[in-house]
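Numbered according to the UniProt record's numbering, the sequence shown spans residues 1 to 185. All C-beta atoms, glycine included, are put in the ideal place defined by N, C-alpha and C.
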Amino acid sequence: MQHVFADPASPWAAPRYAEAAAGVRRLLPAFADRVTFTRFLAPAEPTGAWRAYYARWAFARQPPDAPLWRLTDEFAAVARDVLDASAFGKWGPPLAERVVPGQRLVLAGVSTDCCVLSTALAAADAGVEVLVAADACAGADDASHARALEVMDLYRPLVRVTDVAELLAGADRPTGCAGDRRPRS
């Protein structure tokens with residue numbers, strides 16, 4: 001839940017960021033100290049295909065402490081655990097260590113069609129059950145958001161698209177949680 005996606009003037013603005021943020025806010029009390037916020041950061045020196053990516057999105061070639069990479073104030077104030085990565089997918093040893101084996105991973109944030117999707121599929125490949133809170137996510141646009149949710153739902157039962165109300169009702173009460181944030185491709 002970074003400024004780069006919240007700021008309407010940003011090339012990576014998620015038009016429905018505020019709606020996703022409202023969903024994330026509703027989820028936070030239910031997961032308390034089990035929440036991990038993630039931040040996408042530009043690498044110091046892009047390699048491979050990332051060079052072409054950052055040639056296209058040159059504005060993003062900023063250091064990790066640049067204002068665009070910061071969590072928005074409302075989430076920075078409550079973020080106890082923040083994981084930084086220069087890849088869309090945040091699943092890897094640092095995030096895996098935060099999820100107890102056999103527990104579910106709940107993903108919420110922006111962008112559905114980039115970091116959420118990449119993280120969900122990698123976690124599922126690792127054998128983690130993933131729940132995606134659709135109404136606590138936002139994409140680069142509505143169509144991309146919907147397509148990403150449709151793709152993830154194809155991975156049932158490894159990945160399942162749900163919503164905040166269902167999660168809070170306890171029907172899908174996960175035992176592990178992480179919030180994800182993303183840039184668009």
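No Cβ-Cβ contact shorter than 8 Å links Phe88 with Met1.
Counting of Cβ neighbours within 10 angstroms places Phe59 among the exposed residues, the total staying below 16. Its Cα nearest to that of Glu45, the residue Gln62 stands out among Thr36, Val35, Gln62, Val110. For Leu105, the closest C-alpha among the options Ala21, Val161, Arg25 is that of Val161. In this chain, the alpha helix (DSSP H) harbouring Ala122 covers 117-125. DSSP places Asp153 inside the alpha helix (DSSP H), whose first and last residues are 142-153. Close CB contacts of Pro43 within its chain, under the 6 Å cut and outside five residues either way in sequence, are with Ser86 (chain order).
Burial state of Gly102 is exposed, judged by a 10 Å Cβ sphere holding fewer than 16 other Cβ atoms. Around the beta carbon of Val100, fewer than 16 other beta carbons sit within 10 angstroms, so the residue counts as exposed. It is roughly 11 Å from the alpha-carbon of Pro94 to the alpha-carbon of Asp81. A straight line joining the alpha-carbon of Thr36 with that of Glu150 spans about 25 Å. In this chain, the alpha helix (DSSP H) harbouring Leu167 covers 164-169.
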